[in-house]
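Per our numbering, residue 19 is the first one in the sequence shown, and the count goes up by one each step.
Glycine is no exception: its CB is placed at the ideal position from the N, C-alpha and C atoms.
Quick notes on the structure that follows.
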Amino acid sequence: MSITIKSGADIDAMRVAGRLASEVLDYITPFVKPGVTTEELDKLCHDYMVNEQGCVPAPLNYAPGGHTPYPKSICTSINHQVCHGVPNDRPLKDGDIVNLDITVIKNGWHGDTSRMFIVGNGSIAAKRLCAFTYDAMWKGIAKVKPGARLGDIGHAIQTFAESNGFSVVREFCGHGIGLKFHEEPQVLHYGRPGTLEELKPGMIFTIEPMINAGKKDIKSLGDGWTIVTKDRSLSAQWEHTILVTETGYEVLTLSAGSPPIPDFILQAQA
Ligand code: MF3
Ligand code: CO
Ligand code: CO
19 MSITIKSGAD IDAMRVAGRL ASEVLDYITP FVKPGVTTEE LDKLCHDYMV NEQGCVPAPL
79 NYAPGGHTPY PKSICTSINH QVCHGVPNDR PLKDGDIVNL DITVIKNGWH GDTSRMFIVG
139 NGSIAAKRLC AFTYDAMWKG IAKVKPGARL GDIGHAIQTF AESNGFSVVR EFCGHGIGLK
199 FHEEPQVLHY GRPGTLEELK PGMIFTIEPM INAGKKDIKS LGDGWTIVTK DRSLSAQWEH
259 TILVTETGYE VLTLSAGSPP IPDFILQAQA
């Protein structure tokens, strides 16, 4: 097994899938309000993906080795839930933070992206965690170019998160993506510069750091999917799907409603 290098045609197909995944998040944004249930958000996203976009929701019935099939079309991880939260009939409350993670399949190709949403009025601590996690993802993205190594990405994310008093979840990582939802390589969100696989043009993988306000330790709930922080501290996550280009990177999961790109990225590009 090795890391696939995507052809020009593959990359065009991944651009389409990536944009569509991001457009699901644009579509659902106005519905994320106090009182809505995550099951309602799931149904809205499911119908949008299937009926408006002609996509297949990748999570639905996804069953990687040993897992019970995932029962819903999106992941909704609230407050101390780290990832893979399963939509249910409990309404979102004012002050909750929720990650919506969308993966579409279009013509066989996967686009995978997630954002944090603050429900109503969030606490200063909650907003700070979401904002720093967003910047942590972009600190990792900024390292992507041919010749760089996966350890450079993890190190950038880890040093940024930890120097601001947060911790990085170890058990889940970004991943290669294409015709398969999860393929090589694993993209750790911690690590040492100059280590691990060298990046080459045509590689496509996600960067999706899970950052905790408290300790890094996690545990899984009895539903077989939902991951929570052991100390019940808040956790945030953002995700983009990234192409390694000849000169750097291209973010494939951008759309009209994507949050602004951080100033430190725009300044580096200027
Ligand atoms: N979208 C998640 C990721 O970023 C994976 C979700 S798997 C599911 O890799 F089955 F929970 F949907
Ligand atoms: Co992913
Ligand atoms: Co995802």
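| Query | Result |
| --- | --- |
| Would Gly83 and Leu197 be called neighbours here (beta carbons separated by less than 8 Å)? | no |
| Note down, in chain order, each residue of its chain lying with its Cβ closer than 8 Å to the Cβ of Val100, except the 5 sequence neighbours on either side. | Val187, Phe190, Met228, Asn230, Ile236, Ile245, Val246, Thr247, Ser253, Gln255 |
| Using a Cβ-based criterion (distance less than 7 Å to any ligand heavy atom), does Gly192 qualify as near ligand 5? | For ligand 5, the structure offers nothing, since it holds only ligand 1, ligand 2 and ligand 3. |
| What residue ranges within the stretch 137–196 form continuous beta strand (DSSP E) runs of no fewer than 3 residues, ordered along the chain? | 192–194 |
| Roughly how many angstroms lie between the CA atoms of Asp130 and His193, to the nearest whole one? | 10 Å |
| Answer yes if the stretch 176–186 comes into contact with the stretch 147–166, meaning at least three C-beta pairs across the two stretches below 8 Å, and no otherwise. | yes |
| Leaving out five residues before and five after Glu57 in sequence, what residues of the same chain have Cβ atoms less than 7 Å from its Cβ? | Pro105, Asn106, Asp107 |
| Of the choices Val122, Ile225, Ile120, Tyr45, whose alpha-carbon is the least far from that of Ala160? | Ile225 |
| Are the stretch 91–98 and the stretch 114–128 touching by the rule of at least three beta carbon pairs closer than 8 Å? | yes |
| Does Arg37 come out as helix, strand or coil in the three-state DSSP assignment? | helix |
| Going by beta carbon distance, what residues of the same chain come within less than 8 Å of Ile283, once the five residues before and after it are set aside? | Trp156, Ile159, Ala160 |
| Quickly, what does DSSP pair Ser276 with across the bridge? List them, please. | None; Ser276 has no bridge partner. |
| What's the C-alpha gap between Asn79 and Ala288? | 44 Å |
| By the three-class DSSP mapping on this structure, what secondary structure does His297 have? | The shown model of the chain, from 19 to 288, leaves out residue 297, and the question about it has no answer. |
| So, under 8 Å CB-CB, Ile123 and Ser132 are touching, yes? Tell me the CB distance rounded to an integer number of Å. | So it is not a contact: roughly 16 Å between Cβ atoms. |
| Is the CB-CB distance between Lys320 and Gly266 below 8 Å? | For residue 320 there is no data in the structure shown, the boundaries of the chain being 19 and 288. |
| Quick one: give me the first and last residue of the alpha helix (DSSP H) that Leu118 is part of. | Where Leu118 is concerned, there is no enclosing alpha helix (DSSP H), although the beta strand (DSSP E) it sits in stretches over 115–124. |
| Okay, do the stretch 203–212 and the stretch 166–176 touch, 3+ Cβ pairs below 8 Å being the bar? | yes |
| Tell me where the beta strand (DSSP E) around Lys237 begins and ends. | 236–238 |
| Does the Cβ of Glu41 have 16 or more other Cβ atoms within 10 Å, making it buried, or fewer, making it exposed? | buried |
| Apart from the five residues just before and just after Ser238, which ones in its own chain have a Cβ nearer than 8 Å to its Cβ? | Thr244, Ile245, Val246 |
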